[in-house]
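One structure is given here, and the rest of the page talks about it.
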Amino acid sequence: MHDLIVDVGNKQSDSALLRFAFSLARQHNAGITGLQVVALDALALALPEALSFLDEEARQAWERRDWWLTLCEQHGVRGSWEVARGFYQSVMARQSVLTDLVIGSFDNHHALSSAAVGLLGRSVLAEAVPMLLVPEQWEGSGRVRRIVIAWNGSVEAARAVRASYPLLGRAAEILVIDGEPREGDAGNHESVPAARLPLRDWMKHRNIRARWRTCADDDPVGHAIHQWALEDEADLIVMGAWGHLRVGEWLLGGVTSHMLSHSQIPLLLAH
4 MHDLIVDVGN KQSDSALLRF AFSLARQHNA GITGLQVVAL DALALALPEA
54 LSFLDEEARQ AWERRDWWLT LCEQHGVRGS WEVARGFYQS VMARQSVLTD
104 LVIGSFDNHH ALSSAAVGLL GRSVLAEAVP MLLVPEQWEG SGRVRRIVIA
154 WNGSVEAARA VRASYPLLGR AAEILVIDGE PREGDAGNHE SVPAARLPLR
204 DWMKHRNIRA RWRTCADDDP VGHAIHQWAL EDEADLIVMG AWGHLRVGEW
254 LLGGVTSHML SHSQIPLLLA H
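FYI, in the numbering used here the residues of the sequence shown are 4 to 274.
What follows is the structure, encoded as structure tokens:
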């Protein structure tokens with residue numbers, strides 16, 4: 004892992020997000036770019052003097068550069084500072100192209116999942132790299148030693164696992180919660196089952212050892228994943244995001260929405 008981007012926003016030095024991000028950068032000797040997005044909004048652009056307001060916001064964002072570089076020096080990591088203007092999801096998708104991981108935060112105190120997800124969570128749907136989201140109220144040490152993988156056999160979950168490879172290689176404990184559908188499961192009406200993704204072999208070939216636990220069909224998946232991760236004292240949950248029909252999961256809820264609304268543990272998500 005060489006390059007990290009942190010969606011700094013208006014965060015202060017003592018925020019959970021920055022504590023986690025600097026700890027991760029030190030563990031992997033990675034460079035860390037602080038990114039502040041001056042977000043365009045269709046409604047805001049319709050207001051008088053919108054552009055001058057955005058210019059002032061961008062100026063104030065650039066004035067934070069010295070604060071950020073000093074913070075990086077204090078934490079012993081290589082740092083840089085960027086300010087980008089544009090529609091939020093488009094900015095995140097573009098800025099993430101040449102980085103290994105985007106780190107941001109989410110607020111799990113919202114009762115409604117759409118509020119908890121926020122702009123960064125929705126950006127997982129854009130053509131961005133996988134994102135590591137830290138709960139606003141997280142109080143961990145920042146060291147990723149115990150990892151839980153929520154595995155359902157999907158392409159999204161596989162992308163998340165692949166993105167977490169540098170973290171898996173240094174983890175002391177890994178638990179895979181296996182909820183992959185089995186042949187003959189009720190509701191599977193496909194005449195020819197899809198080819199299975201060989202996660203066990205992938206991990207074996209890379210010398211990654213893990214414990215496996217099967218998620219029963221009648222388990223409420225999101226709750227079960229989070230509860231088992233808490234019991235395992237996990238530092239990180241790795242999972243695919245928005246794996247079902249996006250609109251349906253957004254409106255009706257689902258594992259992704261549940262985790263972003265309730266998780267007390269950082270999430271590495273990929274779509």
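Glycine included, each C-beta is placed from N, C-alpha and C at the ideal position. Note that the structure is a prediction, hence the values are computed from the model and not measured.
In angstroms, rounded to a whole number, what distance separates the CA positions of residue i and residue j?
i       : j       : result
Ser-16  : Gly-79  : 14 Å
Gln-39  : Trp-70  : 13 Å
Ser-99  : His-226 : 30 Å
His-229 : Val-241 : 11 Å
Thr-259 : Ile-180 : 15 Å
Arg-199 : Arg-62  : 51 Å
Ser-266 : Glu-85  : 29 Å
Ala-28  : Gly-82  : 10 Å
Ser-18  : Gly-156 : 35 Å
Glu-66  : Gly-143 : 30 Å
Arg-68  : Glu-183 : 45 Å
Ser-117 : Leu-20  : Because the pLDDT of Ser-117 is 47, which lies under 50, any placement of that residue in the model is unreliable, and the number read from its coordinates should be weighed accordingly. Approximately 20 Å between the Cα atoms of the pair.
Gln-30  : Leu-135 : 15 Å
Ser-167 : Glu-52  : 44 Å
Pro-133 : Leu-104 : 6 Å
Gly-12  : Ala-96  : 16 Å
Leu-170 : Leu-72  : 25 Å
Thr-36  : Ala-244 : 24 Å
His-283 : Val-224 : In the structure displayed, the chain extends from 4 to 274; residue 283 sits before or after that span and is not available.
Ser-264 : Arg-146 : 23 Å
Arg-209 : Glu-236 : 24 Å
Does the beta-carbon of residue i have 16 or more other beta-carbons within 10 angstroms, so that it is buried, or is it exposed?
i       : result
Pro-269 : buried
Trp-215 : exposed
Gly-234 : Here residue 234 turns out to be Glu, not Gly, going by the sequence shown. Burial call: exposed.
Thr-2   : Absent from the model: residue 2. The displayed extent of the chain is 4 to 274, so no value can be given.
Gln-3   : With the chain represented from 4 up to 274, any question about residue 3 goes unanswered, as that position is not in the structure.
Ala-175 : exposed
Phe-56  : exposed
Leu-101 : exposed
Gly-172 : exposed
Glu-59  : exposed
Gln-140 : exposed
Val-158 : exposed
Check this for me: beta carbons of residue i and residue j, under 7 Å apart or not?
i       : j       : result
Ala-163 : Ala-273 : yes
Arg-88  : Val-41  : yes
Ile-150 : Ala-24  : no
Phe-90  : Leu-54  : no
Leu-202 : Leu-239 : no
Ala-232 : Ile-177 : no
Gly-34  : Asp-10  : no
Among all the DSSP beta bridges, which residues are the ones paired with residue i?
i       : result
Leu-270 : Leu-136, Ile-240
Arg-216 : Ile-180
Ala-153 : Ile-180, Met-242
Ser-108 : Val-137
Could you tell me whether any Cβ in chain C is nearer than 7 Å to the Cβ of residue i?
i      : result
Arg-97 : Looking at the structure shown, chain C is missing, and only one protein chain is on hand.
### Complete beta strand (DSSP E) runs within the segment 22-78 (minimum length 3 residues, chain order)
Qualifying beta strand (DSSP E) stretches, in chain order: 34-42.
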